[in-house]
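S.K.: In my numbering, the protein residues as written are 1 to 427. Each residue gets a CB set at the ideal place from its N, CA and C atoms; glycine is no exception. It should be emphasised that the depicted structure is a prediction, and the values quoted were computed from it without experimental measurement. Take a look at this one; I'll ask things after.
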């Protein structure tokens, strides 16, 4: 039988029914996304206020921006390096690797592709300190080295070949952190929120035996959820029919839905084309305009109406080209009767002045997304709110505050991204 009972998940997957990929394709499944500031996260600090957590998220987001620069290595032909900053993502995910399964807690990142974790043998001089035990491939019956002749052993993952002809990988990050090791295939098991885990055989991942830099001991690696060939999303493509969705809540855990669970449909859904661009890691949409009240400001890239924008769950703010951001914030300010005040961002107001905010609509190609004030202004302190729109002289980014309380569905095969207004706290 394809379904069997596994009691090997000692910490978090107690005696779960495990689905095969074929069964998962039929019923769909959902996996918990743990917000790093939620009580379920090892990073949770009960003494921090929501304002302190937001400031920490803004700092992480600022550090992450270099990953999306057009001059970063992820855009170049030498894409063996990725310029993201490790452990700055807002969400964590638990998966298990191997047979029997060994659980890891990793950063869930829609801005990168490779899945990797630290592996034995890895002496302290070659690995960063990790609270959880390191994965030992010798104790797994399903671990297989990936041959240098395999199609998966190719840039941007491949670094070199061992004397035995096995594929070696190397990734480095914008803060000089790095992971090097063996590229291999292994059974990856994800725990579904329904109680039925899903076992995914022969998933390509990096078994890191030389890792260092500014990694945090509380996390065991990275799970790439980008659009590149090595990401978990792409490797599950057949199992999930290319479909996944999420519904974000600020500073709270949520779910990422796959397959039939990841379909976004019903009243209020709008869909926009998902563009095929390089690097394939990023999810590109077309931004045509933004409306503030009754004023619609067209977005022009060069001489062409509309322009690219990357939607990213790990970036907090929304970044637009400087001239456009300046015009947008000027129009917004003219429609708010209250007087702006000095603050850490371009447009801030004192809450005591009771500012009334105009309606803002994001006009993606073929999809108008109407935002609530909480998508556009964030509470920096007890008496200060600031706009989430910021200027950036590079590829625009659509951040996670603007995505909050929308069920957002990605259809990789149909090449669309869909938005549905939703109370995500009830999902």
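If you follow the alpha helix (DSSP H) that residue 327 is part of, which residue opens it and which one closes it?
M.R.: Where residue 327 is concerned, the enclosing alpha helix (DSSP H) stretches over 322-334.
S.K.: How is the alpha helix (DSSP H) around residue 237 delimited, first residue to last?
M.R.: Start and end: 237-240.
S.K.: Could you check how far apart the C-beta atoms of residue 421 and residue 268 are, in whole angstroms? I think they sit under 8 Å.
M.R.: 5 Å between Cβ atoms; contact.
S.K.: Terminal residues of the continuous beta strand (DSSP E) containing residue 375?
M.R.: Note, residue 375: premise wrong, no beta strand (DSSP E); alpha helix (DSSP H) at 373-376.
S.K.: Using a 10 Å radius around the Cβ and a threshold of 16 neighbouring Cβ atoms, would you call residue 257 buried or exposed?
M.R.: Classification of residue 257: buried, given that the 10 Å Cβ count is 16 or more.
S.K.: Do the region 121-132 and the region 238-246 meet, that is, are 3 or more Cβ pairs less than 8 Å apart?
M.R.: Segments in contact, no.
S.K.: Using C-beta distances below 6 Å, list every residue in its chain close to residue 181, excluding the 5 sequence neighbours before and after it, in chain order.
M.R.: 206, 207, 208, 209, listed in sequence order.
S.K.: Buried or exposed: where does residue 318 fall if 16 or more other Cβ atoms within 10 Å of its Cβ makes it buried?
M.R.: Classification for residue 318: buried.
S.K.: For the beta strand (DSSP E) that contains residue 199, what are its first and last residues?
M.R.: From DSSP, the beta strand (DSSP E) with residue 199 extends over 196-212.
S.K.: I need the boundaries of the alpha helix (DSSP H) containing residue 94, first residue and last residue.
M.R.: Note, residue 94: premise wrong, no alpha helix (DSSP H); beta strand (DSSP E) at 91-97.
S.K.: Is it true that the region 243-255 meets the region 28-37, where meeting means three or more beta-carbon pairs spaced less than 8 Å apart?
M.R.: Taking 8 Å as the limit for Cβ pairs, the verdict is that the region 28-37 does touch the region 243-255.
S.K.: Could you tell me the alpha carbon to alpha carbon distance between residue 51 and residue 58, rounded to whole angstroms?
M.R.: Rounded to the nearest angstrom, the two C-alpha atoms are 11 Å apart.
S.K.: Give me the DSSP bridge partner(s) of residue 388.
M.R.: Residue 388 pairs with nothing; no bridge assigned.
S.K.: Thinking C-alpha only, which one of 399, 138, 338, 363 is nearest residue 307?
M.R.: Answer by Cα proximity: 363.
S.K.: Taking the Cβ atom as the reference point for each residue, do residue 197 and residue 191 lie within a distance shorter than 8 Å?
M.R.: Against a cut-off of 8 Å, the Cβ pair of residue 191 and residue 197 comes out as a contact.
S.K.: Starting from residue 151, trace the beta strand (DSSP E) in both directions and tell me its first and last residue.
M.R.: Here residue 151 belongs to no beta strand (DSSP E), and DSSP marks it neither H nor E.
S.K.: Looking only at C-alpha atoms, which of 412, 425, 284 sits nearest to residue 449?
M.R.: Absent from the model: residue 449. The displayed extent of the chain is 1 to 427, so no value can be given.
S.K.: So what does DSSP say about residue 108, is it helix, strand or coil?
M.R.: Residue 108 falls in the strand class under three-state DSSP.
S.K.: Since I believe residue 166 is in contact with residue 146 (beta carbons under 8 Å), could you give me their beta-carbon distance rounded to a whole number of angstroms?
M.R.: Their Cβ separation, rounded to whole angstroms, is 7 Å, which keeps residue 146 and residue 166 in contact under 8 Å.
S.K.: Taking Cβ positions, are residue 113 and residue 276 nearer each other than 8 Å?
M.R.: No, these two residues do not count as a Cβ contact at 8 Å.
S.K.: At 3 residues or longer, and completely inside the region 232-309: list those beta strand (DSSP E) runs for me, N to C.
M.R.: Runs of the beta strand (DSSP E) inside the region 232-309: 243-247, 254-258, 270-273, 284-292, 295-298.
S.K.: Go ahead and label residue 325 buried or exposed: buried means 16 or more other beta carbons lie within 10 angstroms of its beta carbon, across all protein chains shown.
M.R.: Residue 325 should be labelled buried.
S.K.: Going by C-alpha to C-alpha distance, which of 227, 204, 336, 342 sits closest to residue 383?
M.R.: Among 227, 204, 336, 342, the Cα nearest to that of residue 383 belongs to 342.
S.K.: Give me the DSSP bridge partner(s) of residue 368.
M.R.: Answer is 363, bridged to residue 368.
S.K.: Since I believe residue 116 is in contact with residue 179 (beta carbons under 8 Å), could you give me their beta-carbon distance rounded to a whole number of angstroms?
M.R.: Contact flag correct, Cβ pair sits at about 5 Å.
S.K.: Pull up the DSSP beta-bridge partners for residue 182, would you.
M.R.: According to DSSP, which records beta bridges pairwise, residue 182 is partnered with 168, 207.
S.K.: Take residue 44 as the anchor and find which of 90, 350, 24 has the nearest alpha-carbon.
M.R.: Of the candidates 90, 350, 24, the one whose C-alpha sits nearest the C-alpha of residue 44 is 90.
S.K.: Look up residue 424 in the DSSP assignment and say whether it is helix, strand or coil.
M.R.: Here residue 424 sits in helix by DSSP.
S.K.: Answer yes if the region 149-161 comes into contact with the region 95-107, meaning at least three C-beta pairs across the two stretches below 8 Å, and no otherwise.
M.R.: Verdict: no, contact absent.
S.K.: To which residues of the same chain is residue 368 closer than 7 Å at the C-beta, ignoring the five residues directly before and after it?
M.R.: Cβ neighbours of residue 368 beyond the five flanking positions: 270, 361.
S.K.: Do you know offhand how far residue 56's Cα is from residue 353's?
M.R.: Rounded to whole angstroms, residue 56 to residue 353 spans 26 Å at the Cα level.
S.K.: Nearest to residue 376 by alpha carbon, out of 358, 48, 338?
M.R.: Minimum Cα distance to residue 376 is reached at 358.
S.K.: Return the residue from the list 193, 212, 183, 220 that minimises the CA-CA distance to residue 202.
M.R.: When only C-alpha atoms are compared, the closest one is 183.
S.K.: Tell me the residue span of the alpha helix (DSSP H) that contains residue 403.
M.R.: 400-403 is the extent of the alpha helix (DSSP H) around residue 403.
S.K.: Considering only DSSP beta bridges, list what residue 346 is partnered with.
M.R.: Paired residue(s): none; residue 346 is not in a bridge.
S.K.: Hey, quick one: how far does the alpha helix (DSSP H) through residue 51 stretch, first residue to last?
M.R.: Here the alpha helix (DSSP H) through residue 51 covers 50-64.
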